[in-house]
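Chains as they are written, first to last, in the working numbering: chain A, 105 to 218; chain B, 2 to 120. Even for Gly, the Cβ is constructed at its ideal location relative to N, Cα and C. Here is the structure we will look at, set down as structure tokens.
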């Protein structure tokens, strides 16, 4: 069975500081990993994905994530946080050997403090 | 880029009535569409997966007679909440993909969501 863990419900960071939002996963096959961002009363916006290739994935709005197979992690990072980055972030995984639906983590609310 | 349009963005209905939510892929053919439900401050829970021209596959615990899903074309899927009750109030989000996630495509595109309030 596939699962995703986002251990932090809330992350606070000062504007201009680096940010990290953590995600670990469990799948039986090769993982397809995604990060999405959600603003209030809106759908999900795609940030980045890892399917194969380089472990460091660069995405939208300056975000990046590193796929670590040994630690089964896919943490989201940004070198310098903006107040506008404040939102709800979801990590999601699809089992490459299984059904093509995504399984989501519980979400992490990021607050960037001016 | 791939765009999914979801309508309405919000709806208020009386208890006992039915509500239809539409999800359209505007610039690609959506082989598969997914319907999610999101409770306040919680994650997205997959309700069902629909493939064009076939019956939807519902997740365990989701009432198929209450949440009717139709995927009649490669660009349109609808979710109808029948005989809605206050406990059905939630945020519903659709997602579409042209097929298995792969190279050269963002994989899954999400609609902007529908806030359903049943009074």
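Should residue i be flagged as near chain B, meaning a C-beta pair shorter than 9 Å?
i, result
"residue 153/A", "yes"
"residue 180/A", "no"
"residue 210/A", "yes"
"residue 167/A", "no"
"residue 118/A", "no"
"residue 201/A", "no"
Considering only the alpha carbon of each residue, which of the options lies closest to residue i?
i, options, result
"residue 174/A", "118/A, 186/A, 128/A, 111/A", "128/A"
"residue 83/B", "6/B, 3/B, 19/B, 11/B", "19/B"
"residue 32/B", "120/B, 78/B, 93/B", "78/B"
"residue 124/A", "188/A, 105/A, 167/A, 107/A", "167/A"
"residue 14/B", "81/B, 34/B, 27/B, 111/B", "81/B"
Give me the chain B residues within the contact set of residue i, using Cβ-Cβ distance strictly less than 9 Å, ordered along the chain.
i, result
"residue 171/A", "What residue 171/A touches in chain B: nothing, since even the nearest Cβ is about 15 Å away."
Against chain A, does residue i count as a neighbour if the rule is that its beta carbon must be under 9 Å from one of theirs?
i, result
"residue 29/B", "no"
"residue 113/B", "yes"
"residue 59/B", "no"
"residue 74/B", "no"
"residue 77/B", "no"
"residue 80/B", "no"
What whole-angstrom Cβ distance do residue i and residue j have, given they're in contact under 8 Å?
i, j, result
"residue 138/A", "residue 196/A", "4 Å"
"residue 39/B", "residue 91/B", "7 Å"
"residue 152/A", "residue 164/A", "7 Å"
"residue 24/B", "residue 97/B", "7 Å"
Which residues in chain B sit within 7 Å of residue i, going by Cβ to Cβ distance?
i, result
"residue 206/A", "109"
Could you pull out every unbroken beta strand (DSSP E) segment of at least 3 residues lying fully inside the stretch 46-88 of chain B, listed in chain order?
Correct list: 68-74, 77-82.
Which full runs of the beta strand (DSSP E) of 3+ residues lie inside the stretch 128-171 of chain A, going along the chain?
If we require 3 residues or more, the beta strand (DSSP E) runs fully inside the stretch 128-171 of chain A come out as 128-130, 135-142, 148-154, 160-162.
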